[in-house]
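A.B. asks: With this note's numbering, letter number 301 in the sequence shown gets 331, and the count goes up by one each step, no holes. We put the beta carbon where it would ideally sit given N, CA and C, even for glycine. Take this structure first; my questions come after.
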Amino acid sequence: MRTAVVSMAASLAALLVAGCGNLKPDAMTLEENVQRAQADRKKIDQAYVPLSGSLSLSEAIARSLKYNYDGQLAKTEINMQEKQLDLALAQMLPRLAAGAGYDGRTNYNAAQSIDVFTQQQSLTYSYSQQPQFSTTDLTLTWNALDLGLSFFQARQQGYRVLIAIERRRKVIDNIVRSTATAYWRAKTASELLPRIDPMLKTARQILEASRAASAQNLQSPLALLDFQQNMVIVLSELERIRNELSAARIELATLINIPSSTNVVFAGGLADNIEPQFGLNNHRLEDIGLTLRPELRIEAYQKKIDQQDIYKEILKMLPGIGMIGGFNFNSNNLLYTNTWGEIGIRATFNLMSMIQGPRAIAVAKQAVDLSEERRVALSVAILSQINLAINEYANSLDTFKTAKDVDRVGVQIGRVADSVSEAGAQSEADRIRRQLTVLTTRIARDRAQVRVLASLASVYSATGMDLVPAGAELQDLPTLTGQVEQAIIRWQAGQLPELPAVAPAPEPAPSTSAAPVAPLHTAKAD
Numbered sequence: 031m032r033t034a035v036v037s038m039a040a041s042l043a044a045l046l047v048a049g050c051g052n053l054k055p056d057a058m059t060l061e062e063n064v065q066r067a068q069a070d071r072k073k074i075d076q077a078y079v080p081l082s083g084s085l086s087l088s089e090a091i092a093r094s095l096k097y098n099y100d101g102q103l104a105k106t107e108i109n110m111q112e113k114q115l116d117l118a119l120a121q122m123l124p125r126l127a128a129g130a131g132y133d134g135r136t137n138y139n140a141a142q143s144i145d146v147f148t149q150q151q152s153l154t155y156s157y158s159q160q161p162q163f164s165t166t167d168l169t170l171t172w173n174a175l176d177l178g179l180s181f182f183q184a185r186q187q188g189y190r191v192l193i194a195i196e197r198r199r200k201v202i203d204n205i206v207r208s209t210a211t212a213y214w215r216a217k218t219a220s221e222l223l224p225r226i227d228p229m230l231k232t233a234r235q236i237l238e239a240s241r242a243a244s245a246q247n248l249q250s251p252l253a254l255l256d257f258q259q260n261m262v263i264v265l266s267e268l269e270r271i272r273n274e275l276s277a278a279r280i281e282l283a284t285l286i287n288i289p290s291s292t293n294v295v296f297a298g299g300l301a302d303n304i305e306p307q308f309g310l311n312n313h314r315l316e317d318i319g320l321t322l323r324p325e326l327r328i329e330a331y332q333k334k335i336d337q338q339d340i341y342k343e344i345l346k347m348l349p350g351i352g353m354i355g356g357f358n359f360n361s362n363n364l365l366y367t368n369t370w371g372e373i374g375i376r377a378t379f380n381l382m383s384m385i386q387g388p389r390a391i392a393v394a395k396q397a398v399d400l401s402e403e404r405r406v407a408l409s410v411a412i413l414s415q416i417n418l419a420i421n422e423y424a425n426s427l428d429t430f431k432t433a434k435d436v437d438r439v440g441v442q443i444g445r446v447a448d449s450v451s452e453a454g455a456q457s458e459a460d461r462i463r464r465q466l467t468v469l470t471t472r473i474a475r476d477r478a479q480v481r482v483l484a485s486l487a488s489v490y491s492a493t494g495m496d497l498v499p500a501g502a503e504l505q506d507l508p509t510l511t512g513q514v515e516q517a518i519i520r521w522q523a524g525q526l527p528e529l530p531a532v533a534p535a536p537e538p539a540p541s542t543s544a545a546p547v548a549p550l551h552t553a554k555a556d
């Protein structure tokens with residue numbers, strides 16, 4: 031028996047030493063990283079969902095919401111927090127433990143008895159326990175202090191679920207705005223890139239011809255260099271515009287989960303009849319923003335979480351009352367009863383909590399005050415964002431109006447330049463430069479138009495309005511596309527969101543013990 035125990039101990043020691051030697055991990059080899067990269071690439075490629083037909087703005091946003099990894103991550107976070115809430119609720123249940131055991135020895139557990147008064151042996155050696163026996167028990171324990179702490183922890187976890195929902199709202203808002211901007215830029219690129227490539231080809235041919243003339247000394251060197259400099263500037267501007275427009279297509283492809291090499295056919299067009307909206311009530315929009323912004327709601331929930339810590343610290347100062355009950359069985363045949371039940375009540379009190387408790391409560395209260403101050407500071411920043419978004423929207427409307435006027439003149443210049451070129455009254459280089467001017471004015475017009483729509487979306491975002499319904503079902507792509515299409519009609523029409531009704535906050539009761547405090551921010555309605 032002793033030899034077996036020694037052998038088992040030696041084996042356990044050897045395993046422990048071997049395990050300690052493997053605590054330092056080895057770096058991944060190049061082959062392992064290549065295999066990992068290939069597996070990730072295969073997973074990404076399999077996740078691509080091909081387009082069917084032309085792509086509208088509503089479908090682009092719907093695809094981004096359904097297939098974007100950030101949106102899926104936000105949804106997974108909500109699911110995880112909900113499971114954590116289920117776990118917190120389960121931890122409020124009493125503890126029910128079942129146990130079983132076996133005891134054995136090589137001889138009887140015999141003993142004699144000594145009289146405590148006479149110190150004489152009163153009984154011969156005897157035993158009341160068999161050499162081998164088994165035990166089973168079922169024990170139920172319940173502690174009032176643990177139940178109270180679990181209750182407040184479950185409430186905190188419930189607020190964390192709501193925080194995860196607000197974070198998902200913010201993620202969806204960012205996805206929608208990014209996709210809309212990328213879609214408008216990519217659509218502009220699809221219309222302008224076919225015009226840029228022929229101009230680049232012609233400009234390069236003219237530049238090469240000028241360099242050949244310069245090598246043959248057919249014209250004045252200074253005039254040729256001036257001409258070549260102008261053509262190089264034209265070429266660099268055309269290449270810059272082409273590179274910028276090409277990047278928009280790659281960005282959109284990433285957002286809507288298609289390969290970047292996919293040739294996208296766009297449906298519909300941008301609204302040209304966007305008109306300025308007058309009578310914007312800044313104060314009203316500020317109230318909506320303070321009510322609906324996800325960041326402020328998150329801070330409000332965080333304050334409630336911190337308040338639960340106060341209750342938990344107060345509860346920890348109370349005595350802990352626990353109950354225990356159980357059913358037991360012992361196979362020892364020498365016992366008078368082999369089965370029995372038991373019940374007990376115990377109360378414990380940590381005397382040191384009288385010293386630690388007040389300090390812990392003070393720290394918890396300070397956390398609540400800090401959360402309140404953080405929310406107020408964030409509210410001031412949000413008020414600024416709302417007013418800046420409204421100002422940007424108004425300015426973008428004015429800029430778009432001017433850009434449309436400039437574009438009309440540019441179109442006329444292009445028509446006249448083409449007519450003059452056909453008549454042979456101007457060189458090809460002059461025609462290219464004028465066409466570049468026409469192209470630049472069109473790009474400026476489209477940029478101004480995208481800026482209007484983006485700034486309008488920023489008004490939605492700054493006020494906490496959901497650009498897409500918060501309860502939209504993200505799994506059914508056709509249904510989601512229809513919901514998004516209804517939501518973006520107001521964007522392309524240049525309309526502001528409909529403001530929900532918000533009840534005004536009650537006026538605070540006048541206080542005679544302190545002087546009135548001036549408000550932190552006062553907004554005037556336009």
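1. Below 8 Å on the Cβ atoms is my contact criterion, and I expect R125 with T171 to pass it. Report the Cβ-Cβ distance as a whole number of Å.
2. What whole-angstrom Cβ distance do R199 and K105 have, given they're in contact under 8 Å?
3. For the stretch 361 to 380 and the stretch 412 to 432, state whether three or more C-beta atom pairs, one from each stretch, are separated by less than 8 Å.
4. In angstroms, rounded to a whole number, what distance separates the CA positions of Q150 and A141?
5. Please confirm if the stretch 172 to 186 is in contact with the stretch 467 to 474, defined as three or more CB-CB distances below 8 Å between the two stretches.
6. Tell me the residue span of the alpha helix (DSSP H) that contains I286.
7. Specify the secondary structure class of A130 as computed by DSSP and reduced to three states.
8. Whose C-alpha, out of L381, Q183, V482, is nearest the C-alpha of E422?
9. State yes or no: is the C-beta of R272 within less than 8 Å of the C-beta of L237?
10. Short of 6 Å in beta carbon distance, which residues of its chain neighbour A194, apart from the five on each side in sequence? Order them along the chain.
11. Round the Cβ separation of F296 and S84 to the nearest angstrom and send it over; I've been treating them as touching at under 8 Å.
12. Buried or exposed: P388, going by 16 or more other Cβ atoms within 10 Å of its Cβ?
13. Let's test the definition: count the other Cβ atoms within 10 Å of the Cβ of Q396 and tell me whether it reaches 16, buried, or not, exposed.
14. Please look up how many angstroms separate the CB atoms of E343 and A411, rounded, as I've assumed it's under 8 Å.
15. Is R270 helix, strand or coil by DSSP?
16. For V294, I'd like the list of residues in its chain whose CB is within less than 6 Å of its CB, leaving aside the five on either flank, ordered along the chain.
17. On the three-state DSSP scale, how would you describe L483?
18. Tell me whether R464 is buried or exposed, calling it buried when 16 or more other Cβ atoms sit within 10 Å of its Cβ.
19. If we count the other Cβ atoms within 10 Å of its Cβ and call it buried at 16 or more, is F257 buried or exposed?
20. Considering only the alpha carbon of each residue, which of L408, G444, P161, G512 lies closest to N362?
21. Specify whether the stretch 201 to 210 and the stretch 375 to 386 touch according to this definition: at least 3 beta carbon pairs, one from each stretch, less than 8 Å apart.
22. Give the C-beta separation of E372 and N358 to the nearest angstrom, bearing in mind that I take them to be a contact with Cβ-Cβ under 8 Å.
23. Do the stretch 58 to 77 and the stretch 182 to 189 touch if we need at least three Cβ pairs shorter than 8 Å?
24. Whose C-alpha, out of A478, V514, P80, G374, is nearest the C-alpha of R215?
25. Between R404 and E329, how many whole angstroms is the CB-CB distance? I'm expecting something under 8 Å.
26. Hey, would you say A285 sits closer than 8 Å to S94, going by beta carbons?
27. Given a threshold of 16 other Cβ atoms within 10 Å of its Cβ, counted over all protein chains shown, does R157 qualify as buried or as exposed?
C.D. replies: Let's see:
1. For the purposes of this step, residue 125 is taken as the residue at position 95 of the sequence shown. For the purposes of this step, residue 171 is taken as the residue at position 141 of the sequence shown. At roughly 5 Å, the Cβ-Cβ gap stays under 8 Å, so R125 and T171 are in contact.
2. What you label residue 199 is simply residue 169 of the sequence shown in a count that begins at 1. What you label residue 105 is simply residue 75 of the sequence shown in a count that begins at 1. No, R199 and K105 are not in contact; Cβ-Cβ is about 12 Å, not under 8 Å.
3. In this structure the stretch 361 to 380 does not lie against the stretch 412 to 432, because fewer than three pairs of beta carbons, one per stretch, are closer than 8 Å.
4. The residue you call residue 150 lines up with position 120 of the sequence shown. The residue you call residue 141 lines up with position 111 of the sequence shown. Going by the C-alpha atoms only, they are around 14 Å apart.
5. Short answer: they don't touch.
6. The residue you call residue 286 lines up with position 256 of the sequence shown. Per DSSP, I286 belongs to no alpha helix (DSSP H) and is neither H nor E.
7. What you label residue 130 is simply residue 100 of the sequence shown in a count that begins at 1. A130 carries a strand assignment under DSSP once its states are collapsed to helix, strand and coil.
8. As a working note, residue 422 is residue 392 in the sequence shown. In terms of CA proximity to E422, V482 leads the group L381, Q183, V482.
9. Within the sequence shown, numbered from 1, the residue matching residue 272 stands at position 242. Within the sequence shown, numbered from 1, the residue matching residue 237 stands at position 207. Taking a C-beta distance under 8 Å as the contact criterion, R272 and L237 do not qualify as a contact pair.
10. Here residue 194 is taken as the residue at index 164 of the sequence shown, counted from 1. These residues qualify, in order along the chain: E107, I108, Q111.
11. Looking up residue 296 in the sequence shown gives position 266. Looking up residue 84 in the sequence shown gives position 54. By a beta-carbon distance limit of 8 Å, F296 contacts S84. Their separation comes to about 6 Å.
12. Taking the first residue of the sequence shown as position 1, residue 388 is located at position 358. P388 is classed as exposed because its beta carbon has fewer than 16 other beta carbons within 10 Å across all chains shown.
13. As a first step, residue 396 is located in the sequence shown; it is residue number 366 there, counting from the start. Burial call: exposed.
14. Within the sequence shown, numbered from 1, the residue matching residue 343 stands at position 313. Within the sequence shown, numbered from 1, the residue matching residue 411 stands at position 381. A411 and E343 do not touch by the CB rule: their CB atoms are close to 31 Å apart, not below 8 Å.
15. Here residue 270 refers to the residue found at position 240 when the sequence shown is read from its first residue. Here R270 sits in helix by DSSP.
16. Your numbering for residue 294 matches position 264 in the sequence shown. Excluding sequence neighbours, V294 sits near L85.
17. For the purposes of this step, residue 483 is taken as residue 453 along the sequence shown, with counting starting at 1. Assigned with DSSP and collapsed to three states, L483 falls in helix.
18. Here residue 464 corresponds to residue number 434 of the sequence shown, with the count starting at 1. Buried.
19. Counting from one through the sequence shown, the residue named residue 257 turns up at place 227. Buried is the call here.
20. As a position in the sequence shown, residue 362 is number 332, starting the count at 1. Residue P161 is the option with its Cα nearest to N362.
21. Remark: fewer than three beta-carbon pairs, one from each stretch, lie closer than 8 Å, so the stretch 201 to 210 and the stretch 375 to 386 are not flagged as touching.
22. Position 342 of the sequence shown, counted from the start, is the residue given in the question as residue 372. Position 328 of the sequence shown, counted from the start, is the residue given in the question as residue 358. Contact between E372 and N358 is confirmed by a C-beta separation of about 7 Å, below the 8 Å threshold.
23. Not touching, per the Cβ criterion.
24. Your numbering for residue 215 matches position 185 in the sequence shown. Restricting attention to A478, V514, P80, G374, the CA atom closest to the CA of R215 is found in A478.
25. Working through the sequence shown from its first residue, we reach residue 404 at position 374. Working through the sequence shown from its first residue, we reach residue 329 at position 299. R404 to E329, Cβ: 6 Å. Contact.
26. By one-based count along the sequence shown, residue 285 stands at place 255. By one-based count along the sequence shown, residue 94 stands at place 64. Reading off the sequence, residue 285 comes out as Leu, not Ala. Cβ atoms of L285 and S94: closer than 8 Å.
27. Here residue 157 corresponds to residue number 127 of the sequence shown, with the count starting at 1. Per the sequence shown, residue 157 should be read as Tyr rather than Arg. Taking all protein chains shown into account, Y157 has fewer than 16 neighbouring C-beta atoms within 10 Å of its C-beta and is therefore exposed.
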